[in-house]
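Have a look at the structure below, then the notes.
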Amino acid sequence: MIGMHIARELIDERRDVVLVEKDPEAARRASDALDCMVINEDGSRPETLRKAGASDAEWFLALTGSDEVNIVACGLVAAESSSVKTLARVENSFYSSLSAAQRRAFGLHVIINPASATADAVAHIVDEGFAEDVIPLHDGRLQLRTVAAASVPAFVGKTLREAKAGAGGGVLVAGVVRGRGMVVPGGEFEVEPSDILYLLGTPATLDAFLGQVEGVKSAAKRVLIIGATSIGERLVERFLDRSKSGFLGRIFGRKRLVTVLESSAEDGKRIARAFQGLEVIHGDSSEEGVLEGAGIGKADLVVCATESQAFNVMTAQLAKELGAKKAVAITLNDRYMSVGSRLEVDALVSVKGVVAAAVLETVRRANIKTIHGFYEDDVELVELRIDSGSRVSGLSLREIDLPKGVLVAFVMQGDEMIVPSGSTILNGSDVIGLVSRKKSIAGLERVFGDQRGV
Numbered sequence: 005m006i007g008m009h010i011a012r013e014l015i016d017e018r019r020d021v022v023l024v025e026k027d028p029e030a031a032r033r034a035s036d037a038l039d040c041m042v043i044n045e046d047g048s049r050p051e052t053l054r055k056a057g058a059s060d061a062e063w064f065l066a067l068t069g070s071d072e073v074n075i076v077a078c079g080l081v082a083a084e085s086s087s088v089k090t091l092a093r094v095e096n097s098f099y100s101s102l103s104a105a106q107r108r109a110f111g112l113h114v115i116i117n118p119a120s121a122t123a124d125a126v127a128h129i130v131d132e133g134f135a136e137d138v139i140p141l142h143d144g145r146l147q148l149r150t151v152a153a154a155s156v157p158a159f160v161g162k163t164l165r166e167a168k169a170g171a172g173g174g175v176l177v178a179g180v181v182r183g184r185g186m187v188v189p190g191g192e193f194e195v196e197p198s199d200i201l202y203l204l205g206t207p208a209t210l211d212a213f214l215g216q217v218e219g220v221k222s223a224a225k226r227v228l229i230i231g232a233t234s235i236g237e238r239l240v241e242r243f244l245d246r247s248k249s250g251f252l253g254r255i256f257g258r259k260r261l262v263t264v265l266e267s268s269a270e271d272g273k274r275i276a277r278a279f280q281g282l283e284v285i286h287g288d289s290s291e292e293g294v295l296e297g298a299g300i301g302k303a304d305l306v307v308c309a310t311e312s313q314a315f316n317v318m319t320a321q322l323a324k325e326l327g328a329k330k331a332v333a334i335t336l337n338d339r340y341m342s343v344g345s346r347l348e349v350d351a352l353v354s355v356k357g358v359v360a361a362a363v364l365e366t367v368r369r370a371n372i373k374t375i376h377g378f379y380e381d382d383v384e385l386v387e388l389r390i391d392s393g394s395r396v397s398g399l400s401l402r403e404i405d406l407p408k409g410v411l412v413a414f415v416m417q418g419d420e421m422i423v424p425s426g427s428t429i430l431n432g433s434d435v436i437g438l439v440s441r442k443k444s445i446a447g448l449e450r451v452f453g454d455q456r457g458v
């Protein structure tokens, strides 16, 4: 699933992709769905990798469900060519702890652990402060909010140029959901009452314009994690660690209570042995009274992290109805994202989306990082740091030939967030945010790379 998704993302960004898939049926589906060469052979065999031209690639991505296959394949490719960079998906946390020297010995440049990456994503939004329809960015200094256009009368029936002037210039419409698609709007785009708007700005600016959202920065002193899965275990690790040190530790001290609810007695005992100070409750959360007995109504944060994404979404919704202040559901893919806005669940975190974002950030030039993917269409909010050697350093935005349809969302200069205009000058170390379709990413790499295009 992840390999197919990342291949599609790379193809959408106009990259040449060769996909190797051992299973005949999966290879057939990939060949039908993707505009790339698909080789139906075993990717851990040297002759298959030579056939695929792996030694001539810029990147070799090993994304199967087997850690050993991925590591062996990366090692084989690295042995054939020192110029190919390799990336392996691994599930066992042991491999993530390999030293730099050990990784070089295995021919590994980058390792991505889906469970760890997903847990990091959840812990990150908790650190930054989040709520339903509020997406924190840049340590909470920026927010992306989803609102119905009808609830913002100052925008309806007006062009964005007119609406921006009415909002004081500090609020940017980063995207518009119209019908089943997503529009990256320009200044002459006219807002209709049925549109859904993604508004970007500082929390203070958005609070002044839309009203304050309750509980965005509320403390998560009581955390309930449902599911002693690999993601659940990594979440326990992050939350217990954050209760002792760092920003959250300074706020909450050592008083954070982390509880895991697990239906398997064996898995419950395993995670209890692994972490001191962890409360583990054995019970099936789908049975009546179990969630209430686990104290869900008093929880500041509930994270549903079982192996079933449907169960996670429904249980997170139930948690909100039972009194939990915030609820997060872990999903395997983006299937449930389209109904997220109609639920009370505060956040849906997709494993597939998290891993894809990590892989794409790694392989893209110009250090282009996805900070939000709009599930409604092939549109992303990306950011990059202007390198001192970049060809755009010292230029104004109007002097830069951006790909068509790309919207400059913000410029961070030090701690200051600027809603940019055409006269905004970009300097080395500035961080620039852009709303772009995936097909324009390669163009952004060319524009914002250094003199060598890196």
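Numbering (our numbering), first residue to last: 5 to 458.
C-beta atoms are modelled at their ideal positions from N, C-alpha and C, and glycine is treated no differently.
Asked, Found
"I want to check one thing, is the minimum distance from the CB of Arg368 to the heavy atoms of the ligand ADP below 7 Å?", "The model on display carries no ligand, and the ligand ADP is accordingly not part of it."
"Just to confirm the assignment, what range does the beta strand (DSSP E) spanning Cys308 have?", "305–308"
"Tell me the rounded alpha-carbon separation between Met5 and Ile116.", "15 Å"
"Pick helix, strand or coil for Phe213, following the three-state DSSP scheme.", "helix"
"Pull up the distance between the alpha-carbon of Phe315 and that of Gly344, whole angstroms please.", "14 Å"
"Helix, strand or coil for Glu218, going by three-state DSSP, please let me know.", "coil"
"What is the rounded straight-line gap between the Cα of Phe134 and the Cα of Asp350?", "8 Å"
"Pairs of beta-carbons, one from the segment 198–213 and one from the segment 54–67, closer than 8 Å: are there three or more?", "no"
"Given this structure, state the Cα-to-Cα distance separating Ala370 from Phe110, to the nearest angstrom.", "27 Å"
"Going straight from the alpha carbon of Gln147 to that of Val227, what length do you get?", "24 Å"
"Would Ala37 and Glu25 be called neighbours here (beta carbons separated by less than 8 Å)?", "no"
"To which residues of the same chain is Ala362 closer than 6 Å at the C-beta, ignoring the five residues directly before and after it?", "Ile116, Ala121"
"Once DSSP output is grouped into helix, strand and coil, what is the label at Gln417?", "strand"
"Would you kindly work out how many angstroms separate the C-alpha atoms of Asp271 and Ala224, rounded to a whole number?", "25 Å"
"Can you list, in chain order, the residues of its chain with a C-beta nearer than 6 Å to that of Ala462? Leave out the 5 residues immediately preceding and following it.", "Since the first residue shown for the chain is 5 and the last is 458, residue 462 is missing from the structure and cannot be characterised."
"How would you label Pro50, buried or exposed, when you count the other beta carbons within 10 angstroms and need 16 or more for buried?", "exposed"
"Whole alpha helix (DSSP H) runs in the segment 268–339 with 4 or more residues, listed along the chain?", "269–278, 294–297, 313–325"
"Please name the residue, chosen from Leu164, His9, Asp27, that lies closest to Val21 on a Cα-to-Cα basis.", "His9"
"Is it the case that the Cβ atoms of Gly287 and Ala298 are separated by a distance below 8 Å?", "yes"
"Ser400 and Gly432: beta carbons closer than 8 Å?", "no"
"Consult DSSP for Pro407 and reduce its assignment to one of helix, strand or coil.", "coil"
"Reducing DSSP to helix, strand and coil, say where Ser394 ends up.", "strand"
"Can you give the Cα-Cα distance for Arg441 and Glu384, rounded to whole angstroms?", "6 Å"
"For Arg254, does the count of other Cβ atoms within 10 angstroms reach 16, so buried, or fall short, so exposed?", "Confidence is the limiting factor: at Arg254 the pLDDT is only 43, short of 50, which leaves the residue's position unreliable, though a coordinate-based value still follows. With fewer than 16 Cβ atoms within 10 Å of its Cβ, Arg254 is classed as exposed."
"What are the uninterrupted segments assigned as beta strand (DSSP E) that are 3 or more residues long and contained completely in the segment 34–73, given in chain order?", "41–43, 63–66"
"Just to confirm before moving on: does the CB-CB distance between Leu176 and Val423 stay below 8 Å?", "yes"
"Look up Pro140 in the DSSP assignment and give the residues it is bridged to.", "Gln147"
"Note down the Cα distance separating Ile43 from Ala58, rounded to an integer number of angstroms.", "12 Å"
"Cβ of His286 less than 8 Å from any chain B Cβ?", "Although the question refers to chain B, the structure presented lacks it and comprises just one protein chain."
"Take Met416 as the anchor and find which of Gly447, Thr90, Asp434, Ser85 has the nearest alpha-carbon.", "Asp434"
"Does the beta-carbon of Lys55 have 16 or more other beta-carbons within 10 angstroms, so that it is buried, or is it exposed?", "exposed"
"Tell me, which residues are paired with Tyr202 by DSSP?", "Thr150, Gly179"
"In terms of residue numbering, what span does the alpha helix (DSSP H) encompassing Lys356 cover?", "355–367"
"Out of Glu266, Ala11, Thr163, which one is the CA nearest neighbour of Pro189?", "Thr163"
"In chain order, what residues of the same chain have a beta carbon less than 6 Å from the beta carbon of Phe243, not counting five sequence neighbours either side?", "Val227, Val262"
"Per DSSP, what kind of secondary structure is Ser400 in: helix, strand or coil?", "strand"
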